[in-house]
Amino acid sequence: MQELSQILLVLIALFSFYALGNSSLIGCIKIIALQGMCLGLLPLIIDRQGFGIQILLIAAGMFILKGVLIPRVLSYAIREVKIRREMEPLIGYNASLLIGVFLIGISFILASRLPLPENIRTSLLVPVSLSVLMMGMLMMIVRVKAVTQVIGYLMFENGIYLFGLAISYQAPWLIEMGVLLDVFVAVFIMGIVINHIARAFDSINTENLTNLGD
Amino acid sequence: MIYPWSLPGAAFHLGVDPLSAAFLFLVLVVGFCAGIYGEGYLSASSGHIAKAPARFFFATLVISMAFLVCARNAVLFLVCWEIMALSAFGLVSLEHQKEEVRKAGKLYLLCTHTGSLCLLTGFAFLWRNAGSFEFSAFLAAKPLSMFERASVFWLFLIGFGMKAGFWPLHIWLQEAHPAAPSHASAAMSGIMIEMGLYGLLRFFSILGPVSISASVFLMILGLFTAFFGILFASMQRDFKRLLAYSSIENIGIILAASGLGCYGISRGNPALSLLGFSAAILHTLNHGFFKSLMFLSAGSVYLATGTRDIESCGGLQKIMPGVSAFTAIGSLAICGLPPLNGFTGEWLLYCGFLQMGYRREIIFFSLAAAVLSLIGGLAVITFSKFYGLVFLGKARSESAQKAKDPSSLMLIPMGILASLCLGIGLFPGLATKAAFFAAADISRSTPLIFSAGLQKWSALLDAVGLMGAMVWLLSALLWSIKKTSLKKRPVAREMTWGCGFTAPTPRMQYTGSSYSMPATRIIDGPLVKKEFHSPNGYWPQSSSFHSRVPDPALDTWLPKLTTPLEGLIAWPKKIQRGKLQFYLLYAAAFLIVILLWKL
Numbered sequence: 280m281q282e283l284s285q286i287l288l289v290l291i292a293l294f295s296f297y298a299l300g301n302s303s304l305i306g307c308i309k310i311i312a313l314q315g316m317c318l319g320l321l322p323l324i325i326d327r328q329g330f331g332i333q334i335l336l337i338a339a340g341m342f343i344l345k346g347v348l349i350p351r352v353l354s355y356a357i358r359e360v361k362i363r364r365e366m367e368p369l370i371g372y373n374a375s376l377l378i379g380v381f382l383i384g385i386s387f388i389l390a391s392r393l394p395l396p397e398n399i400r401t402s403l404l405v406p407v408s409l410s411v412l413m414m415g416m417l418m419m420i421v422r423v424k425a426v427t428q429v430i431g432y433l434m435f436e437n438g439i440y441l442f443g444l445a446i447s448y449q450a451p452w453l454i455e456m457g458v459l460l461d462v463f464v465a466v467f468i469m470g471i472v473i474n475h476i477a478r479a480f481d482s483i484n485t486e487n488l489t490n491l492g493d
Numbered sequence: 021m022i023y024p025w026s027l028p029g030a031a032f033h034l035g036v037d038p039l040s041a042a043f044l045f046l047v048l049v050v051g052f053c054a055g056i057y058g059e060g061y062l063s064a065s066s067g068h069i070a071k072a073p074a075r076f077f078f079a080t081l082v083i084s085m086a087f088l089v090c091a092r093n094a095v096l097f098l099v100c101w102e103i104m105a106l107s108a109f110g111l112v113s114l115e116h117q118k119e120e121v122r123k124a125g126k127l128y129l130l131c132t133h134t135g136s137l138c139l140l141t142g143f144a145f146l147w148r149n150a151g152s153f154e155f156s157a158f159l160a161a162k163p164l165s166m167f168e169r170a171s172v173f174w175l176f177l178i179g180f181g182m183k184a185g186f187w188p189l190h191i192w193l194q195e196a197h198p199a200a201p202s203h204a205s206a207a208m209s210g211i212m213i214e215m216g217l218y219g220l221l222r223f224f225s226i227l228g229p230v231s232i233s234a235s236v237f238l239m240i241l242g243l244f245t246a247f248f249g250i251l252f253a254s255m256q257r258d259f260k261r262l263l264a265y266s267s268i269e270n271i272g273i274i275l276a277a278s279g280l281g282c283y284g285i286s287r288g289n290p291a292l293s294l295l296g297f298s299a300a301i302l303h304t305l306n307h308g309f310f311k312s313l314m315f316l317s318a319g320s321v322y323l324a325t326g327t328r329d330i331e332s333c334g335g336l337q338k339i340m341p342g343v344s345a346f347t348a349i350g351s352l353a354i355c356g357l358p359p360l361n362g363f364t365g366e367w368l369l370y371c372g373f374l375q376m377g378y379r380r381e382i383i384f385f386s387l388a389a390a391v392l393s394l395i396g397g398l399a400v401i402t403f404s405k406f407y408g409l410v411f412l413g414k415a416r417s418e419s420a421q422k423a424k425d426p427s428s429l430m431l432i433p434m435g436i437l438a439s440l441c442l443g444i445g446l447f448p449g450l451a452t453k454a455a456f457f458a459a460a461d462i463s464r465s466t467p468l469i470f471s472a473g474l475q476k477w478s479a480l481l482d483a484v485g486l487m488g489a490m491v492w493l494l495s496a497l498l499w500s501i502k503k504t505s506l507k508k509r510p511v512a513r514e515m516t517w518g519c520g521f522t523a524p525t526p527r528m529q530y531t532g533s534s535y536s537m538p539a540t541r542i543i544d545g546p547l548v549k550k551e552f553h554s555p556n557g558y559w560p561q562s563s564s565f566h567s568r569v570p571d572p573a574l575d576t577w578l579p580k581l582t583t584p585l586e587g588l589i590a591w592p593k594k595i596q597r598g599k600l601q602f603y604l605l606y607a608a609a610f611l612i613v614i615l616l617w618k619l
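Sequence order for the protein chains is A and B. Following our numbering, the numbering of the first sequence begins with 280 at its first residue and continues without gaps. Following our numbering, the numbering of the second sequence begins with 21 at its first residue and continues without gaps.
So, in structure tokens, the structure goes:
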């Protein structure tokens with residue numbers, strides 16, 4: 280199963296990469312759904328000693344929530360506001376892809392230096408989790424549309440989940456479920472907020488929010 | 021008493037030694053009197069001041085100070101210090117509807133936080149050396165290095181000096197005291213600013229001897245502060261401002277006395293240092309009593325006349341006999357005149373200055389004594405002006421004619437403070453003893469020197485008190501002689517300063533500026549800003565004359581200092597973009613750099 284989990288991890292990293300270079304919002308949401316599904320599958324594959332009921336539950340929860348429900352909410356949100364593309368990112372798509380490559384490099388360096396417990400499940404888990412985390416952050420930084428910010432946030436959260444998977448064997452599943460619920464509620468609320476921003480400013484550029492301050 | 025506290029390094033550690041006891045006594049007595057007076061003041065102010073916040077902040081102010089002087093743990097000390105500072109801010113900005121009050125509050129807040137920052141850094145130095153926040157650990161720790169000692173000394177001098185109001189850190193004092201309601205300014209001036217001195221004394225006892233040059237610097241700074249304070253006090257028209265400047269003067273005197281104490285330690289002369297520190301503590305006690313009394317009287321006058329301008333009061337002695345009697349006592353005490361308590365501390369300081377046996381220093385110390393007497397002289401001018409213009413003569417405005425004594429709720433606390441002033445003046449023995457015991461620890465004197473010093477000086481001061489009693493008896497005698505001899509003869513009543521005019525008006529009286537002019541003429545040239553539009557042309561339209569005394573440190577030098585500072589701040593301000601993306605970028609970049617650096 281080792282190879283399969285490696286392939287899944289590479290897929291997860293590539294999905295993040297794809298989202299960085301994609302201007303279509305629908306495409307991004309689809310990608311994040313795929314990434315969520317992969318994440319859901321991962322705990323099943325990664326464990327060598329088979330799996331218990333808890334892991335099954337977590338996997339099912341992840342799969343449904345991140346792979347189905349959250350993308351639904353998001354696509355509902357953009358259908359309402361009728362925006363299809365991220366038109367004016369702060370940093371262009373090619374440039375952000377380049378930065379993404381750079382970040383993957385950094386995360387491999389960091390992962391090699393990170394003092395981790397001995398028996399990590401697969402060697403790729405930590406670097407991939409770090410790079411997904413950083414790419415999520417990058418997405419939040421370079422994009423201005425509220426929807427892409429939410430997608431960046433989700434990606435960021437996926438990275439954190441992966442990292443947690445790396446260091447905890449018996450994942451306290453109640454906490455995991457709690458986190459999942461939190462993320463879902465957050466995205467739900469953001470979906471609503473996006474609608475309101477769109478209604479108030481006729482666009483969902485977060486730059487408009489700056490004007491709300493002093 | 022030690023109770024555990026969940027903050028790191030903190031413990032609720034309280035203790036009372038003679039130094040704490042002296043200040044605790046001061047805090048509780050003045051807090052009690054000012055608090056009771058405050059109730060009367062609030063009800064008499066007919067809703068100008070919000071009552072609930074006034075009571076709340078006053079209570080937290082007094083309580084925090086009571087804990088502050090007993091704190092034996094640096095974290096507890098700092099927490100009390102901040103509560104004290106913030107409640108004073110609440111009191112200063114009680115009447116925040118007024119623009120000037122808001123300005124004063126902001127200035128005070130800035131100053132006190134600058135001071136707290138210095139204190140925090142200073143305590144961090146001590147903590148690094150001792151590994152604990154307990155005062156006892158600071159004492160037991162290995163001596164600090166040269167650099168650390170110097171930094172801690174300067175940090176504490178600035179931090180505590182900001183609160184106490186040493187020149188040029190006094191800038192908030194003369195703005196904040198007039199802005200606060202009177203019972204609050206009494207507590208602030210009578211006790212809060214002395215907490216700065218308490219802190220300084222406490223840290224002299226922890227840090228040990230400072231160098232000779234540093235103690236000489238303290239003395240010079242103290243005398244300069246005192247001179248500056250009283251000079252500006254003599255030129256003020258607003259009487260609460262005048263009192264605030266006079267607080268600066270007294271703080272300066274106390275600082276000079278502490279400097280003398282430090283000098284004694286570093287010279288290896290514990291008797292002298294005992295004398296210096298006890299003079300400081302005695303004067304602190306006395307200042308607490310007479311200054312709060314003066315602020316309470318000022319508050320009564322303000323309530324009765326509705327003005328803080330000396331020039332529009334007058335003639336209040338006849339219509340406000342209670343307040344005027346107490347103010348007379350307070351004014352005499354504040355000038356440092358013999359039969360009252362202000363004299364005792366200053367007298368100890370004079371003795372310390374003039375006791376010097378060293379050849380080389382004798383010039384410096386006799387000069388210092390001369391400056392001290394000059395300060396005393398200016399104080400007499402200032403307070404004779406204050407008392408004379410406010411209480412004597414004829415009323416200069418309509419509101420001053422209709423004034424009357426306040427309720428007994430306000431008079432009784434003033435009476436308590438006045439009787440304390442009188443009592444310490446007549447029987448200085450007890451207060452001197454307290455001051456000597458408090459100073460014993462700081463001055464590191466041996467029991468032998470301590471008991472010898474205590475015996476000598478308390479006996480001398482008792483003699484002074486006896487002489488004071490004789491002065492009172494003599495004046496009573498003279499007064500009764502005058503009364504009986506005038507009984508049979510007709511007495512013509514004329515207006516004060518009537519100058520023999522047949523129909524004098526109140527406007528012909530002496531004014532405050534004219535009264536203090538001879539004294540300040542020598543020095544006022546660059547200090548007084550005059551705006552004079554002389555009448556010119558054949559049909560002069562308008563002409564005006566206006567003079568005011570800006571504070572040089574606040575109005576002239578501070579702006580010069582802040583302009584380059586603003587330029588410095590402008591650069592980091594560019595980082596502040598107000599866009600979410602930028603802040604995320606900063607956080608991410610910081611995290612990555614830290615990770616790469618530390619791993």
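Don't be surprised by glycine CBs; every beta carbon is placed ideally from N, CA and C.
- In the three-state DSSP reduction, B:Lys414 falls in the coil class, being neither helix nor strand.
- By the criterion of a C-beta distance shorter than 7 Å, B:Ala389 is surrounded in its chain by Tyr370, Phe373, Leu374, once the five residues flanking it on both sides are discounted.
- Here B:Ser107 has Phe77, Thr80, Leu81, Ser84 as same chain residues with Cβ atoms under 7 Å from its own Cβ, once five neighbours each way along the sequence are excluded.
- Classified as exposed, A:Asn373 has fewer than 16 neighbouring CB atoms from the shown chains inside 10 Å of its CB.
- Boundaries of the alpha helix (DSSP H) around B:Glu269: 259 to 286.
- B:Gly445 sits away from B:Gly396, with the two beta carbons spaced by 7 Å or more.
- With fewer than 16 other beta carbons inside 10 angstroms of its own, B:Asn556 counts as exposed.
- Close to B:Ala608, with beta-carbon spacing below 8 Å, are these residues of chain A in chain order: Met413, Met416, Leu417, Ile420.
- DSSP, read as helix, strand or coil, puts B:Tyr322 in helix.
- Linking B:Gly350 to B:Lys71 through their CA atoms gives a straight-line distance of about 28 Å.
- Secondary structure at B:Glu115: coil, using DSSP grouped into helix, strand and coil.
- DSSP, read as helix, strand or coil, puts B:Asp37 in coil.
- Closer than 7 Å to the CB of B:Leu96 there is not a single CB belonging to chain A.
- Residues of the segment 374 to 395 of chain A whose Cβ lies closer than 7 Å to any Cβ of chain B, in chain order: Ile385, Leu389, Arg392, Leu393.
- Annotation for B:His566: the continuous beta strand (DSSP E) segment containing it runs 564 to 568.
- The shortest C-alpha to C-alpha distance from B:Gly125 to any of B:Ser66, B:Ile191, B:Asp482 is the one to B:Ile191.
- Taken through DSSP and simplified to helix, strand or coil, B:Asn289 comes out as coil.
- Boundaries of the alpha helix (DSSP H) harbouring B:Glu168: 166 to 184, taken from the DSSP string.
- With distances taken between CA atoms, A:Ala479 lies nearest to A:Val360 out of A:Val466, A:Val407, A:Glu455, A:Val360.
- Between the segment 122 to 138 of chain B and the segment 180 to 191 of chain B, the count of Cβ pairs shorter than 8 Å is three or higher; the stretches touch.
- Boundaries of the alpha helix (DSSP H) around B:Phe244: 232 to 254.
- Distance from the Cα of B:Met314 is smallest, within the candidate group B:Ala42, B:Ala64, B:Ala204, B:Phe384, for B:Ala204.
- Annotated three-state conformation of B:His553 is strand, per DSSP.
- Ranked by Cα distance from B:Ala455, the first of B:Ala74, B:Gly142, B:His133, B:Leu221 is B:Leu221.
- Distances from the CA of B:Lys405 to each of B:Ala609, B:Arg257, B:Ala30, B:Pro572 were compared; the closest alpha carbon is that of B:Arg257.
- The alpha carbon of B:Lys338 has as its nearest neighbour, out of B:Arg380, B:Ile226, B:Gly408, the alpha carbon of B:Gly408.
- The straight-line gap separating the alpha-carbon atoms of B:Arg509 and B:Ala496 is approximately 20 Å.
- Between A:Ser375 and A:Leu299, the CB-CB gap stays under 7 Å.
- Each residue's CA atom was taken as its position, placing B:Lys162 and B:Val230 some 16 Å apart.
- Contact with chain A is absent for B:Gln561, since none of that chain's Cβ atoms lies less than 7 Å from the residue's Cβ.
- Annotated as proximal: B:Ile69 and B:Leu114, with beta-carbon spacing under 7 Å.
- About 6 Å separates the beta carbon of B:Ala451 from that of B:Leu302, a gap short enough to meet the 8 Å contact definition.
- Counting along the chain, the unbroken beta strand (DSSP E) around B:Pro24 starts and ends at 22 to 24.
- Ranked by Cα distance from B:Lys549, the options B:Asp571, B:Val172, B:Pro560 are led by B:Asp571.
- Taking 7 Å as the cut-off, the beta carbon of A:Met414 is found no closer than this to the beta carbon of A:Gln428.
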